[in-house]
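Residue numbers (the working numbering), protein chains in the order written: chain A, -17 to 416; chain B, 2 to 615; chain C, 8 to 208. We treat Cβ as the ideally placed atom computed from N, Cα and C, and that holds for glycine. Please read these numbers as outputs of a predicted model, since none were measured by experiment.
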């Protein structure tokens, strides 16, 4: 049916001469100017120089070397502190919290699982260097190179000790966070560590309101509970802890031999000093319990894996493709909703709902495998921490807990044994306040 | 000035309190500013919009214009000031906090103390027991929680039925037996020869074409599975806009001439379609296909010819390249102005968005594509036509014209001819000019003929102008083309085409001319019907009507059916003298020509589809 | 005896420590190599593909920077220098003039300059532009599409995960080599667009 209004429409200006490719883009041909007008070019400011990215790596290396030296050789708390202030200024406020080792976990996970992703060398170096350092010198990265740690370290004003059970339970969160971060990065869903970084907004003076509130809350809590993000959330801390546990060298509280003065115990705001211990309770019972827990380890892994496989459906809903597919299936009327930008864009993208659903199903099956592994991993973590809590190792001295010690060096200041080479000084031990 | 350590501590303490207070004030101010800028976004000001809206009704109001400008300036200033405030406030807050922390640290560092930590009682063994207990509790409940949320959450992806969701089949239609259908066709042709009312030249051409068709059909069958409808089948049905050739000639013989839409006389059924449109129905066997569309969606409907039951609806959605924003069309054209086409194996529909949809007879999508949104200020309205295995699309837009041939089987492009034409709203017409088939297109400024097989231009005559809506007509070796404000011309086709005669006494705006039995009939949008001698253009008769004509005249069983915009159908003999047969009324406004099936007529009103018959 | 036993225990512990350390070092090396196989020497930056962009306006709201690091860029090569500019004027503007009542841009970030009859040049004032894409939508629908969004690298923080890439409904934002950090229409059209098309096919 042809339907034409009554007026002849002036077609001037609508006439395009050349038809093929160009006509689709250029409705109005570029005029030929008679006045000698010079057409400007759009400006293209360059991104940050590549060299500067390597400068960041270099700065990281120097900072880590400095802290290792301060922690292991020089034994200077103030040295570590001022280095951390520098890191806060450089990696935090100057680099605005982005490039960061914590977030680089996700880049590495994505690089391993997504064949199309190429990881920038700097990101890989930021991931590897602190871990390598941790393997040799303990968590020196946490002590002074990490801006997130540094900003929390500064606000520790009135730290309180948390009961051990609470520390253990809260210490479980980083494993969960690490697992989820790897799962979401590997399925190309999103980078949750970066998205929910509470301090990056403070470094940038710019963030969503709720992220400022979160950052402020962490700092407020951080006055009383020392470095809450580092101890109870940081996923990178998990990896650093593993490395540090088997590190060849580590910060020591005392330069020589421990004199059991206990001075160092209240110096550590993180509760990371292991005190002397002798076995308690019934030896046989203890051994039996240990054996039971060891036997239960695979059970925990299986239970975790099973729970994980069940939870894959809700977990995958956070993937934007899966979410969109479910939205369209559950609310078919959205297909015609002009206000729903995502659905509208999808409908015009040329993809069919079939394709979208197929893709979403694929992602969901990835999530199935991923959450199975995540659940099993968490089960193992629980199993291992139960075993750890059931083992007993006799200890005579006050030593740092290599997993949780952040190498901040506070305890060194409190240790009355000063000179490493001067040997044991009996007079100092006399100052024991107890 | 010598300060005692105690004084220093006191000063530091005071500074700490001051800085803390300052930080809190700044923090509160920042939050207030933030909430304000979020709740009243000066950039998206409703007030400004309202003011501009008011200006539209009163464009000369200088005071209002000044008010708008002042308000706009204020709003933008407020926006950038609040940004500046937020940033400056951020710096001040940071400064305040740094000073607070420094002074607090100074105070603390001067306090005699034994350690930094506030210790609690510890008992390693009991602690371990407690920790184990809590880990089991928390770990266990985490897993339970995960399992429960996993079980409770619904995986709607599994509920999705692939591609079935595209077609809503209400009922599976049982095809009528092939034999009975064939019988009807035979009867029709027999009746046609008996009554001898079919225009001569078409009769002459027929045997040859049929033979050709049969040949191609068998060839096609052996070579590939591409379906080609025979001319016999096409003429037994009503497969395109304005009949089997698109020229307004219906081959049905047993057709009613009397009805009354308002009273329901001879109305077999009436169906209200879900979405409006100005496309005409097409008929194949006992199925009627029609399109409807609005801003929200584009749909193809299939009705049962006998019962009027809506058999299925197919949606033209999810088509690659389909625009997110609907092109702007006028209300009198809409998104569904183009009539569909069928070859008896599949049906094809096109919409003003450029979406082209191919469905099988049960509404299942065969293929779909977007031809690129046509730049058309009223809305695309050229109808589809099929030649053998090719779907031919006249695609004249403001950016130029194209004639596109797509494979009916796969939608693959077989050829595209770029036309030297401007925009048009007419439809292609297939004619047999004696020794070859030609596809005739009318546009501004040409009447063009193409080889429907290859898309090669055969000839072109420059005689039209303006916004061409009427399609061409053909009879006795002459092509007729007309448009309002242009001319009405009879063209002798061939390698050197010539205009045999032309007149500008009565010119149609929308309705196409109809040439039959030596007479060519014109229907104008102001209500005049005129008949001319095809040979020399002599005016034979003219009739005045109160309502204008948008629907084209159609020939069936010796009569011309011409329906006016009020819905009154003027049925008169197709002859050199005006002889009224009947003037039945539909009782609903319409701009669509009647469509013929055996013993039935289908007419699309504005809201309803009518099936007329005894 | 006890001393011997003690030293044995110590030896065993040392052995375990060293073994674990080696294992960790190896696994770290393994992960490192796996990732290193896919490293790019050069860096990458985020950029918008103007041919995928659907002008939804999220760039203005979701960028971690305020105002957004996404700005409108004018590819003068493609501009028709129209008097009736779909990117500059409201679709139903009363007059083709610079008055606030006619301007589409909410922050008046487009400067209209008369060149010669009947041509006008349109320039983006980047300090004012907030990346809302209103003009881009106007220019794409009614004009040549010479106005389009780009991430400006003097403003962009180059976050690890771009906040607007995450919410972009058209997946128009992706990482590009830092050596070719812009996809400005005109230069970008000819080859790259064809490449994307052929890939789709």
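*According to the neighbour-count rule (16 or more other Cβ atoms, all chains shown, within 10 Å of its Cβ), is residue 581 (chain B) buried or exposed?*
exposed
*Quick one: give me the first and last residue of the beta strand (DSSP E) that residue 232 (chain B) is part of.*
Segment 232 to 237 is the alpha helix (DSSP H) holding residue 232 (chain B); no beta strand (DSSP E) there.
*Work out the CA separation of residue 214 (chain A) and residue 60 (chain C) for me, nearest whole Å.*
40 Å
*chain C contact for residue 60 (chain B) (CB, 8 Å cutoff)*: yes
*Alpha carbon to alpha carbon, how far is residue 74 (chain A) from residue 104 (chain B)?*
22 Å
*asked:* Let me check one thing: in DSSP terms, what residues is residue 244 (chain B) bridge-paired to?
replied: B:250
*For residue 616 (chain B): DSSP bridge partner residues*: Shown here, chain B extends from 2 to 615; a query on residue 616 (chain B) therefore has no answer.
_Taking CB distances under 8 Å as the criterion, tell me whether residue 9 (chain B) reaches chain C._
no
*What's the gap between the Cα of residue 499 (chain B) and the Cα of residue 341 (chain B)?*
33 Å
*Grouping DSSP H, G and I as helix and E and B as strand, with all else coil, what is residue 224 (chain B)?*
Confidence at residue 224 (chain B) is low in this model, with a pLDDT of 42, below 50, so its placement is unreliable and no value can be given for it.
*Name, in chain order, the residues that DSSP records as bridge partners for residue 337 (chain A).*
Paired residues: none, contrary to the question.
*Which residues in chain C sit within 8 Å of residue 45 (chain B), going by Cβ to Cβ distance?*
113
_From B:279, B:517, B:404, B:468, residue whose alpha carbon lies closest to that of residue 606 (chain B)_ = B:279
*Mind checking who residue 283 (chain B) pairs with in its DSSP beta bridge?*
B:290
*Tell me where the beta strand (DSSP E) around residue 155 (chain C) begins and ends.*
154 to 158
*residue 358 (chain B): which of B:320, B:97, B:598 sits nearest, CA to CA?*
B:320
*Tell me whether residue 376 (chain B) sits in a helix, a strand or coil according to DSSP, three-state version.*
coil
*Please report the Cβ distance between residue 594 (chain B) and residue 243 (chain B), rounded to the nearest whole angstrom; I am assuming they are in contact, meaning their Cβ atoms lie under 8 Å.*
7 Å
*In the DSSP assignment, what residue or residues form a beta bridge with residue 571 (chain B)?*
B:563
*asked:* Distance check for residue 304 (chain B) and residue 288 (chain B), CA to CA, integer angstroms please.
replied: 6 Å
*When DSSP builds the beta bridges, which residues end up paired with residue 612 (chain B)?*
B:270, B:603
_Unbroken beta strand (DSSP E) run spanning residue 475 (chain B), endpoints_ = 474 to 476
*Boundaries (first-last residue) of the beta strand (DSSP E) holding residue 119 (chain C)*: 117 to 123
*Hey, could you find the ends of the beta strand (DSSP E) residue 401 (chain B) is sitting in?*
401 to 408
*residue 596 (chain B) at chain A interface by Cβ criterion, 8 Å*: no
_Restricting to runs no shorter than 3 residues, where is the beta strand (DSSP E) found entirely within the region 441 to 470 of chain B?_
447 to 451, 458 to 463
*So, helix, strand or coil for residue 177 (chain C), using DSSP?*
coil
_For residue 384 (chain A), would you say it is in contact with chain C, using Cβ-to-Cβ distances shorter than 8 Å as the test?_
no
*asked:* With three or more beta-carbon pairs closer than 8 Å as the criterion, would you say the region 474 to 493 of chain B touches the region 424 to 444 of chain B?
replied: yes
*Step through the CB atoms of chain A and report whether any lies within less than 8 Å of the CB of residue 134 (chain C).*
no
*Can you give me the start and stop residues for the alpha helix (DSSP H) that residue 44 (chain A) sits inside?*
32 to 50
*How would you list, in chain order, the residues of chain C whose beta-carbon sits under 8 Å from the beta-carbon of residue 70 (chain B)?*
106, 107, 108
*Excluding sequence positions up to five away, which residues of its chain have a Cβ less than 7 Å from the Cβ of residue 87 (chain B)?*
31, 34, 35
*Counting contacts by CB-CB distance shorter than 8 Å, is residue 101 (chain A) in contact with chain C?*
yes
*Comparing the C-beta of residue 144 (chain B) with each C-beta of chain A, is any distance below 8 Å?*
yes
*Consult DSSP for residue 15 (chain C) and reduce its assignment to one of helix, strand or coil.*
helix
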